Amino acid sequence: MILIKTNINNMANLDKFREETKEWLDKNCPPSMRSGADPKIPVDEVWGGRNAEYKNPESKLWLDRMGEKGWTMPTVPKEYGGGGLSKDEVKVLNEELFRIGAKQPLLSFGIWMLAPVLLEYGSEEQKKEHIPKIIKGEIRWCQGYSEPGSGSDLASLATKAEDIGEKFLVNGQKVWTSYADKADWILNLIGELNAGWTIAKKLLQHERAFISNFGLAAGMGSKRDIVSIAKKHLGEENGKINNGFYRSEISSHKIKEHAFGLTLKRAGDEGGKASATASMFKLYGTEHNKKRHELMVAASGINGVAWDGDEFDDNDKNLTRAWLRTKGNSIEGGTSEVQLNVISKRVLGLPSQ
Ligand SMILES: Cc1cc2nc3c(=O)[nH]c(=O)nc-3n(C[C@H](O)[C@H](O)[C@H](O)COP(=O)(O)OP(=O)(O)OC[C@H]3O[C@@H](n4cnc5c(N)ncnc54)[C@H](O)[C@@H]3O)c2cc1C
């Protein structure tokens, strides 16, 4: 009886939260940040930071409003600037954002990698200093792991931070630091001095978990529709792609995508914490994303090798570039071979020699 009453109360609270969220979004999500926006208004890819420039002022407004609410990291406690929402409330929030086709207010390595690790291992001072700025997009972070001689074998890193009293003197060389030219800060000491290895591995699990979503998001935020591209270039008959081979390849690809999406969702519902299983999702998601782009380029025929031109519309513009970019998905965050090693050792528990 008590259980039923608790569930009813919970559902009533969620209904109330949905109404309040709808109302807030109606008032605060600017028109150009929703589906159906005027296509002439420029679209920003918002990464925040001190050097950010906005072509559309509503992108900044949307970021400021969502950041102020803490809804760029809705589950983070309010004391660190987050939304302080429960998992059920976040589900409602996401459904309502999806309903109006709201644009993601902020893309951020801080959100995907650093803040989750700070929450788990950071000092109180670090949490209070850095997490609110990540949530509001005030500071942009980049990740300085790789070095000329250390990529897969991260344990061989040679860069040293020497404690010289008030500060650290850092000596060494970094490569492959994505967006280093635009970032304000590079990932630094978290937790205790000389105890970073566990934390560094944890951060990689968060990185792999977010990269695996590329398999669904079709690469770095773009949402190309593979079926429309195939219909455009191969023709269409009775609503079907006019080519048996691609019809079958794309159907099978879509079925796998759906199954992968459900598996990701189930993993999220069961806790969603980053662990070695993130390597499974990273491996599958990135290989799937590469296959998706290969299919789109192949189905485009001769246009699949064109760099630019009038024959492209919003759906297949820059497709060749996007296809080439996906090649990096199975390298960044640890190569597919390295993920297979992690899966065999840490997920399947196979012996290493
Ligand atoms: C687009 C892109 C963005 C990136 N962004 C960042 C960033 O922001 N910050 C950052 O720190 N790094 C970044 N990286 C670097 C990335 O993490 C490394 O490239 C990656 O970990 C591989 O390391 P490596 O390039 O040194 O290759 P290597 O480690 O030299 O690997 C070469 C080949 O050997 C294979 N190999 C290596 N070791 C093993 C093993 N034990 N078992 C089986 N096969 C193995 C690899 O799979 C690969 O095929 C980025 C890379 C790319 C491509």
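Residues 822 to 1174 (the working numbering) make up the sequence shown, in order. The beta carbon of each residue, even a glycine, is placed where N, CA and C say it ideally should be. Remember, it's a predicted structure, so these values are computed and weren't measured experimentally.
- A distance below 6 Å between beta-carbons, with the five flanking residues on each side excluded, links Asn992 to the following residues of its chain, in chain order: Lys981.
- Collapsing the DSSP output to three states places Asp847 in a helix.
- Contact check for Gly965 and Lys1003: beta-carbon distance about 14 Å, past the 8 Å limit, so the pair fails to qualify.
- Contact check for Lys957 against Gly888 passes: the beta carbons are separated by less than 9 Å.
- For the segment 968-1002, there is no continuous alpha helix (DSSP H) assignment of 4+ residues that stays within its boundaries.
- Val1118 and Thr1098 do not touch by the CB rule: their CB atoms are close to 31 Å apart, not below 8 Å.
- Just so you know, the alpha carbons of Ala833 and Asp847 end up roughly 21 Å apart.
- According to the DSSP assignment, Gly1106 belongs to the alpha helix (DSSP H) that extends over Ala1099 to Ala1120.
- The alpha-carbon separation between Glu916 and Gly905 amounts to approximately 17 Å.
- Your pair Ile1047 and Arg1113 checks out as a contact, with CB atoms roughly 6 Å apart and the cut at 8 Å.
- When C-alpha distances from Lys988 are compared across Leu928, Ser999, Leu1014 and His1074, the shortest belongs to Leu1014.
- DSSP lists Glu1057 as the bridge partner or partners of Ile1062.
- For Ser1151, no alpha helix (DSSP H) run applies, since DSSP gives it neither H nor E.
- In its chain, beyond the 5 residues on either side, Ile921, Gly922 and Ala923 have a beta carbon closer than 7 Å to the beta carbon of Arg855.
- Shortest gap from the CB of Asn1009 to any heavy atom of ligand 1: 8 Å or more.
- Ranked by Cα distance from Val913, the first of Met894, Arg839 and Tyr901 is Arg839.
- Around the Cβ of Val864, a 10 Å sphere holds fewer than 16 other Cβ atoms; the residue is exposed.
- One Cα belongs to Ala1051, the other to Tyr1067, and the distance between them is close to 8 Å.
- Each of Gly1155, Lys1148, Val1163 and Lys876 was checked against the Cα of Ser973, and the nearest Cα belongs to Gly1155.
- Asp859 has its alpha-carbon roughly 45 Å from the corresponding atom of Ser944.
- Taking all protein chains in view, the Cβ of Lys1111 is crowded by 16 or more other Cβ atoms within 10 Å, so the residue is classified as buried.
- Relative to ligand 1, the beta carbon of Ile1164 is positioned no closer than 8 Å to any heavy atom.
- Annotated three-state conformation of Trp1006 is strand, per DSSP.
- Look at Val1159: its beta carbon is less than 8 Å from one of the heavy atoms in ligand 1.
- Here the alpha carbons of Ile985 and His951 stand approximately 23 Å from one another.
- Look at the segment 873-906 and you find these whole runs of alpha helix (DSSP H), each 4 residues long or longer: 878-890.
- For Trp933, the three-state secondary structure derived from DSSP is helix.
- Ser999 has its Cβ nearer than 8 Å to a heavy atom of ligand 1.
- Not one heavy atom of ligand 1 lies closer than 8 Å to the C-beta of Thr1098.
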